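Written below as structure tokens is the structure these notes are about.
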Amino acid sequence: VYNRPISIPKIETISKAEFEQKYLRKNIPVVICGLNSDWKARMVWNISYLKEKIGGYTSGVIKIKNGMYVINTERGSKLDYILVKECLECVESKNIENGWSLASPIENFDDKLSADYTTFSYCSDGRFLRTRLFVGAKGLVTSLHQDLYENLYTMVKGEKKIILYPPNQSSLLYRYPYISKFPNGAKVDPEKPDYKRFPRFEKANAWVVDLKAGETLYIPSYWWHYLRNLDESIAVSFWWGYGWKLIPVWLAALYKKIRKI
Ligand SMILES: O=C(O)CCC(=O)C(=O)O
1000 VYNRPISIPK IETISKAEFE QKYLRKNIPV VICGLNSDWK ARMVWNISYL
1050 KEKIGGYTSG VIKIKNGMYV INTERGSKLD YILVKECLEC VESKNIENGW
1100 SLASPIENFD DKLSADYTTF SYCSDGRFLR TRLFVGAKGL VTSLHQDLYE
1150 NLYTMVKGEK KIILYPPNQS SLLYRYPYIS KFPNGAKVDP EKPDYKRFPR
1200 FEKANAWVVD LKAGETLYIP SYWWHYLRNL DESIAVSFWW GYGWKLIPVW
1250 LAALYKKIRK I
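In our numbering, the protein residues as written are 1000 to 1260.
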């Protein structure tokens, strides 16, 4: 469906210096294989383990309607605070029509999961480091959006289709207005393109990958990303900032605080 797609290259683990030189400083996406192979999480994480470890916490979870995270212009009002156990049971029941998905900062769960993973050296000295745990049912879609952070997105279980567009194609993606509650979101659907409504989108070039357990995708800051679960999946993302790019990160945090979003 997407025009002239580029397959994101998959490489074996490289040194931090090489990662910085070839990818981070050039803002080029890449899939690194094997980075998380020594994580205990790769062996033990599944829904029942997570229920046992963190099921008793109350956490903000993302509401899902019709197979999508509800992160449209109503973003901000769609986090429900419920028991993690209830959210994970909903994932287990494969309900993506009207349910929840876990997308929570891992710090919400104190140190209950900290022995199961390690922060990758590529981002361990980055500022503003945020670690998030994603657990979602097969078929769940995260609509196209961009973030101010660098992102190392690592699959622990399952597989996801991920579609990226570089920031210099933003004008082809029909973003929501900067003053909306989803200023980092785009209106186009990469898997069901509507070229009548969004004619410029026909010129966009997607970078695509099916990201499997054990693989880590580097999503450079400002790159647009869209994700669909090909299986029930568990993933961890590390977001961080560095250099001048920390200025917009700080400004956005302030803006969110003021507008309470
Ligand atoms: O896991 C997902 O579906 C969303 C991940 C994401 O958007 C991110 O890490 O920025």
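We put the beta carbon where it would ideally sit given N, CA and C, even for glycine. Since we're looking at a predicted model, the values are computed, not measured.
- Nearest in C-alpha terms to methionine 1042, of all of Tyr1217, Ile1031, Lys1156 and Glu1231, is Lys1156.
- By the CB criterion at 9 angstroms, tyrosine 1241 and arginine 1126 fall inside the cutoff.
- Here proline 1166 is near asparagine 1026, since their CB atoms are less than 9 angstroms apart.
- Trp1243 is the residue among Trp1243, Ala1234 and Lys1256 whose C-alpha sits nearest the C-alpha of tyrosine 1148.
- Taking the Cβ of aspartate 1124 as the reference point, every heavy atom of ligand 1 lies at 8 angstroms or farther away.
- Residue list for ligand 1: Phe1133, Thr1141, Asp1146, Asn1150, Tyr1152, His1224, Leu1226, Ala1234 and Ser1236 (CB closer than 6 angstroms to any heavy atom, chain order).
- By the Cβ neighbour-count rule, proline 1219 is buried, with 16 or more other Cβ atoms within 10 Å of its own.
- Between the region 1043 to 1053 and the region 1108 to 1128 there are three or more C-beta pairs closer than 8 angstroms, enough to call the two in contact.
- Sequence-distant Cβ neighbours of cysteine 1089 in its own chain, meaning closer than 6 angstroms and more than five residues away, are Gly1098 and Trp1099.
- Runs of the alpha helix (DSSP H) lying entirely within the region 1024 to 1087 and spanning at least 4 residues, in chain order: 1040 to 1043 and 1046 to 1053.
- In terms of Cα proximity to glutamate 1201, the closest of Val1208, Lys1039, Asn1065 and Pro1192 is Pro1192.
- Here isoleucine 1105 is near valine 1235, since their CB atoms are less than 9 angstroms apart.
- Using a C-beta cut-off of 8 angstroms, the region 1215 to 1233 makes contact with the region 1128 to 1142, since at least three inter-stretch Cβ pairs fall below that distance.
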